[in-house]
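Take any residue in the sequence shown, note its place counting from 1, add 185, and you have its number in my numbering.
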Amino acid sequence: ACMFTMMNNARLAVGMQGVAVAETATQKAITYANERRQGKASDYEGSGMAPIVHHPDVQRNLLTMRALTQIARAISYSCAHAIDRARVGEGEAAANWRDRANLLTPLAKAFSTDVGVEVASLGVQVHGGMGFIEETGAAALYRDARIAPIYEGTNGIQAIDLVARKLPLGGGEHVHRYIGELKAVADGVRTSNVAGFGHTADNLDRALADLDEATRFLQKLMADGKADAAMAGATPYLRLISLTAGGAYLAQGGLADHGRVPLCRFFAENLLGETRALKERIIDGAESLAAAGKALISA
């Protein structure tokens, strides 16, 4: 038990390393994009070339970096909050918070470190050729980020742990209570009448439906003894639940501070749609993976 406690704390800490690298890469890229001048932009009223931050594709990269960093941070903070509540709580309440911490630990470790790599890579892209050399520091961040998905349990192992050991928590009901809490946030967005949310509530509802369907599908596979098929969908599932939870956390922030609504809407309308493809990979991908995988085996 003490070993698992130590490892879970280490995994959360590694997840925060991913968040830290992502935040650094984001800040560095935004600063560079405001300084680097190239091309014309219709909304730039200054003289000469426009700073590249005015170009829509650069803005898309920067907003993707910012949104992914914020949702990785929110997931990690939620995990830390659950750990603290479990430590100071008593009885059934403490047990519920322990289950929540156990559910969120693979997300905090694996998703956050994947985000660190993804965001650092986008940071190199924003810097262009300058990002590939050492002068800007963007390439160093990418290298620093790349180790985190490997140590303290590779991210593939985290995904397997999530599906095999964490989805069954509370007789399989704890994850559905968590999904219900995320759904309440989507409902709050719908009834808030804040125009700036755009299609956030509808897109969150679709993502939550994808998550619920994928969760029940994997739970049934495990109950039917089809562990290999479930494991084939483990990594897509970890990203699916993380993106959906992240969308809800961004929306929660937007409800509390309307200044956060634009980023929430960007995420919901530009990035959250990935959940549908992830769900289809989980449900339909195992058979083709197993069939094609046979060609890889020589031992």
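Cβ coordinates follow ideal geometry from the N, Cα and C atoms, glycine included.
| Item | Value |
| --- | --- |
| Supposed contact pair tyrosine 434 and alanine 259 - C-beta distance, whole angstroms, cut 8 Å | 4 Å |
| Per-residue DSSP class, three states only, for proline 291 | helix |
| Reference glycine 341; option with closest CA among Leu457, Ile256, Ala415, Arg270 | Ala415 |
| Test item: CB-CB of leucine 326 and alanine 210 under 7 Å | yes |
| Close Cβ partners of alanine 324 (< 8 Å) along its chain, the five nearest in sequence each way excluded | Val309, Gly316, Phe317, Ile318 |
| Supposed close pair valine 128, lysine 294 - CB separation, criterion 8 Å | The chain is shown from 186 up to 484; residue 128 falls before or after that span and cannot be answered. |
| Distance between beta carbons of alanine 265 and valine 370, contact taken as under 8 Å | 19 Å between Cβ atoms; not a contact. |
| Spatially closest choice to alanine 386 from Pro241, Arg375, Leu396, by CA coordinates | Arg375 |
| Terminal residues of the alpha helix (DSSP H) in which aspartate 372 lies | 359-377 |
| Integer-rounded CB distance, given that leucine 288 should sit under 8 Å from valine 379 | The pair is not a contact, with the Cβ atoms about 30 Å apart (cut-off 8 Å). |
| Buried/exposed call for proline 241, threshold 16 Cβ in 10 Å | exposed |
| In DSSP terms, what arginine 222 is bridged to | Pro236 |
| Boundaries of the alpha helix (DSSP H) in which histidine 266 is found, first to last residue | 241-273 |
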